[in-house]
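Visitor:
Residue numbers (the working numbering), protein chains in the order written: chain B, 524 to 770; chain E, 524 to 770; chain U, 524 to 770.
(1) Shortest alpha-carbon distance to residue 730 (chain U) belongs to which of U:692, U:741, U:606?
(2) Report yes if the C-beta distance between residue 669 (chain E) and residue 696 (chain E) is below 8 angstroms; otherwise report no.
(3) Return the chain-ordered list of same chain residues with a C-beta closer than 6 angstroms to the C-beta of residue 534 (chain E), the five sequence neighbours on each side being excluded.
(4) Against residue 677 (chain U), what residues of chain B qualify as contacts under a CB-to-CB distance less than 7 angstroms, listed in chain order?
(5) Where does residue 752 (chain U) land, buried or exposed, given buried means 16+ other C-beta within 10 angstroms?
(6) Leaving out five residues before and five after residue 706 (chain U) in sequence, what residues of the same chain have Cβ atoms less than 8 angstroms from its Cβ?
(7) Report yes if the CB atom of residue 577 (chain E) is closer than 8 angstroms to the CB atom of residue 683 (chain U), and no otherwise.
(8) Is the distance from the Cβ of residue 703 (chain B) to the Cβ of residue 666 (chain B) below 8 angstroms?
(9) Hey, how far is the Cα of residue 853 (chain U) from the Cα of residue 675 (chain E)?
(10) With three or more beta-carbon pairs closer than 8 angstroms as the criterion, would you say the region 612–623 of chain B touches the region 555–565 of chain B?
(11) Leaving out five residues before and five after residue 738 (chain U) in sequence, what residues of the same chain have Cβ atoms less than 8 angstroms from its Cβ?
(12) Secondary structure at residue 490 (chain U), three-state DSSP: helix, strand or coil?
(13) Check whether the Cβ atoms of residue 640 (chain U) and residue 549 (chain U) lie closer than 8 angstroms to each other.
(14) Please report whether the beta-carbon of residue 620 (chain E) lies at a distance below 8 angstroms from any beta-carbon of chain U.
(15) In the DSSP assignment, find the unbroken alpha helix (DSSP H) run with residue 619 (chain B) in it and report its ends.
(16) According to DSSP, simplified to helix, strand and coil, what is residue 634 (chain E)?
(17) Measure the Cβ-Cβ separation of residue 686 (chain B) and residue 572 (chain U) and say whether it is below 8 angstroms.
(18) Mind checking which residues open and close the alpha helix (DSSP H) that includes residue 701 (chain B)?
(19) Could you tell me whether any non-hydrogen atom of the ligand GTP is closer than 7 angstroms to the CB of residue 561 (chain E)?
(20) Measure the alpha-carbon distance for residue 564 (chain B) versus residue 740 (chain U) and round it to whole angstroms.
(21) According to DSSP, is residue 731 (chain B) helix, strand or coil?
(22) Could you list which residues in chain U have their beta carbon closer than 7 angstroms to that of residue 688 (chain B), in chain order?
(23) Please list the terminal residues of the continuous alpha helix (DSSP H) segment that includes residue 554 (chain U).
(24) By the 8 angstroms beta-carbon criterion, what residues does the region 561–591 of chain E contribute toward chain U?
(25) Is the shortest distance between the beta-carbon of residue 551 (chain U) and the beta-carbons of chain B less than 8 angstroms?
(26) I believe residue 545 (chain U) touches residue 607 (chain U) by the beta-carbon criterion, under 8 angstroms. Please report the beta-carbon distance rounded to the nearest angstrom.
(27) At what residues does the alpha helix (DSSP H) containing residue 682 (chain E) begin and finish?
(28) Assuming contact is defined by CB atoms lying nearer than 8 angstroms, are residue 600 (chain E) and residue 655 (chain U) in contact in what I supplied?
(29) Checking contacts by CB at 8 angstroms: is residue 655 (chain E) closer than that to chain U?
(30) Give the straight-line distance between the Cα atoms of residue 630 (chain U) and residue 588 (chain U), rounded to the nearest whole angstrom.
(31) Within the 8 angstroms Cβ cut-off, does residue 651 (chain E) reach chain B?
(32) So, helix, strand or coil for residue 743 (chain E), using DSSP?
(33) Would the beta-carbon of residue 727 (chain U) fall within 8 angstroms of that of residue 642 (chain U)?
(34) Straight-line CA distance for residue 660 (chain E) to residue 649 (chain E)?
(35) Looking at residue 653 (chain E) and residue 592 (chain E), is the spacing between their C-beta atoms short of 8 angstroms?
(36) Classify residue 634 (chain E): buried if its beta carbon has 16 or more other beta carbons within 10 angstroms, exposed otherwise.
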């Protein structure tokens, strides 16, 4: 017998990829609500504001993915996305209120890693289903994974996380999508097996990157920044600068 | 006899919802131009910049709505959207230049409320026409209503209005969409009657919220913000902090 | 005999407009990477961050254009967009590292003008191919040309370039799109001829605007900004302000 509440609104018609998509939305909404409460993100949001940011983080990536492959976004077709994200946002606010700072840091680090791989997997699969190439599938996996965070960071007037030191945020998403595609398309494994392995890899890789503080390669500072602070090295040089003829 | 100018470019082929959509775009473009001229928004925009922000506020919500329901945006199909928004932006600049500060504040408060309900109504109807569910219809109504403002605030480097104290901006949009859907779908009223009632409700509710300064629920400050400002409570505690052994 | 590498992934199936689109993406990606390295843009980006901004600038405009005309974005269909943008970003970083400041300023001014007209042309043609009107075609040309820059500026926490003094950034895009449409649609010239003429016009117009420092029309400052700095004009007025009865 199916639970009457869940059978409402087509919960059982989602399909395997649909359930993974729902997990992606829910975990990212939970993560988004936690994010909005971090001191460097918090901008005197109202409760509705935090819920909107949770939705942005939760369904944002999935909506962008479906817009790119030219479909009506899945969160608009099945209402369980909206219900699950609301519950996740509410749960995050309740938990965040009741736990101490140390546990909070741990929960946040865990959820940041735990919520990451899902959209990389669904995005890659959705692109393949839309008959796009593998490069596009990896790109869509990355955009779906990181798009929600871009919206949240941008709304909080921060530079998007993917552009700065971020413990291999984008790299983890890309590697997870690639690993999933290799298992699913090249090795012919099932969606469930490919998802489980790719999830474990992405989750573990991100946890490691966080725990070991892996630094991403940063290019040299723009020369003009250095020039602005440059002082003449010697008194002679300083005088020559001072008295050089106007050109 | 139809006016020759208006019959150009298919003004008379818009249909009832099309006219409401055009009102939505025009009033929001007017509001967007006023917004761009507010001191806390103004960032040394050029006149073209103000017109672009008027377009962002005017057709932004409608474009996002139609992208979400996977249609070519209506402002790209009928050129009257572009003409009406340009006229609205020009009118807003002329009026804003010629009136005093007190009347300006009144005009802005009036237009903020007057421009709000239209997109909630058109968005909800468009979602129903696209065979989406009622939860999605309310969501699309809210996104269409508030999407343009998000773009403007974001471009002006401000936190989007919907996330902070905003006199029930998002709530008014949601309630207007819900009321419209109840009248149109549950009670079977016509588009025109449902629109008029939903508009009066949304306009009045927003005016009340502004006039009575209704505050939205804001969650507790993030604890870390408070921790940062915490001082030791007693002298003994202060000394223990000062002289505790380095770990 | 076709080069084996290029024939991979359908390089020779792009068609005339496809090649112009590829030039648009590549030159804008090159420009985007240079932009991300400018001192006022640079926000301690990682190398991956600079590459993401190059992609945003490179394929951003094309993706928005295709989403608006309700198609799967061309950069997701043909992988050469992704390859060419990556090469352009890498080339921009290498060149930027190896040249002096004066040549750098010249290169940047040149690329800003050189990368501008392409998307205006492709955007206008794509809109016409999608059976949209000429006003919409110009608008899509402008959005495709300037959309990538909006994403980059917004990510770098700057006011989008199109809203402020920008050496006729938006006007050049609009004029290029209009000129292309006149040649292609009214005069019936071929895509190649129309593109070459429109490109030369747009490139030259933008170079002139930059070289001659053309200023765009800026509206009067918002009165409230001035009011905030207003001091009483006379001592008597100052005293009257001080001692006026509380109302």
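Ideal placement from N, C-alpha and C gives every residue a C-beta, glycine not left out.
Guide: Reading off the structure:
(1) Nearest C-alpha to residue 730 (chain U): U:692.
(2) The Cβ atoms of residue 669 (chain E) and residue 696 (chain E) sit closer than 8 angstroms to each other.
(3) In the same chain as residue 534 (chain E), and ignoring 5 residues on each side of it, the C-beta atoms closer than 6 angstroms to its own belong to 603, in chain order.
(4) Chain B residues near residue 677 (chain U): 677.
(5) The predicted model places residue 752 (chain U) with a pLDDT of 45, which falls under 50 and marks its position as unreliable; any figure quoted below should be read in that light. Exposed, because fewer than 16 other Cβ atoms sit within 10 Å of the Cβ of residue 752 (chain U).
(6) Excluding sequence neighbours, residue 706 (chain U) sits near 712, 716, 717, 720, 721.
(7) In this structure, residue 683 (chain U) does not lie closer than 8 angstroms to residue 577 (chain E) by Cβ.
(8) Going by C-beta atoms, residue 703 (chain B) is not nearer than 8 angstroms to residue 666 (chain B).
(9) Given a span of 524 to 770 for chain U in the structure shown, any question on residue 853 (chain U) remains unanswerable.
(10) Yes, they touch.
(11) Spatial neighbours of residue 738 (chain U) in its own chain (CB-CB distance under 8 angstroms, excluding positions within 5 residues in sequence) are listed in chain order as 688.
(12) A question about residue 490 (chain U) goes unanswered here, because the residues of chain U that appear run from 524 up to 770.
(13) The answer is no: Cβ separation not under 8 angstroms.
(14) Interface annotation, residue 620 (chain E): in contact with chain U, CB-CB separation under 8 angstroms.
(15) Residue 619 (chain B) -> alpha helix (DSSP H) spans 603–621.
(16) Correct three-state label for residue 634 (chain E): helix.
(17) For residue 686 (chain B) and residue 572 (chain U), yes; Cβs fall inside 8 angstroms.
(18) For residue 701 (chain B), the enclosing alpha helix (DSSP H) covers residues 692–704.
(19) As for the ligand GTP, it is missing from this structure, which has no ligand bound.
(20) Looking at the backbone, the Cα of residue 564 (chain B) and that of residue 740 (chain U) are separated by about 37 angstroms.
(21) Note: residue 731 (chain B) maps to helix in three-state DSSP.
(22) Under the 7 angstroms cutoff, chain U gives 569.
(23) Unbroken alpha helix (DSSP H) run through residue 554 (chain U): 538–559.
(24) Taking 8 angstroms as the Cβ-Cβ cut-off against chain U, the residues of the region 561–591 of chain E that qualify are 561, 562, 565, 566, 567, 568, 569, 570, 571, 572, 573, 575, 576, 586, 590.
(25) So, not an interface residue.
(26) About 6 angstroms; that satisfies the 8 angstroms criterion.
(27) Careful: residue 682 (chain E) lies outside any alpha helix (DSSP H) and carries neither H nor E.
(28) Cβ distance < 8 angstroms, so residue 600 (chain E) and residue 655 (chain U) count as in contact.
(29) No - not a single Cβ of chain U is within 8 angstroms of the one on residue 655 (chain E).
(30) The straight-line gap separating the alpha-carbon atoms of residue 630 (chain U) and residue 588 (chain U) is approximately 27 angstroms.
(31) It does not: the Cβ of residue 651 (chain E) has no partner Cβ on chain B nearer than 8 angstroms.
(32) Here residue 743 (chain E) sits in coil by DSSP.
(33) Contact: no.
(34) Spanning the two alpha carbons is a distance of roughly 8 angstroms.
(35) Cβ atoms of residue 592 (chain E) and residue 653 (chain E): closer than 8 angstroms.
(36) By the 10 Å Cβ count, residue 634 (chain E) comes out buried.
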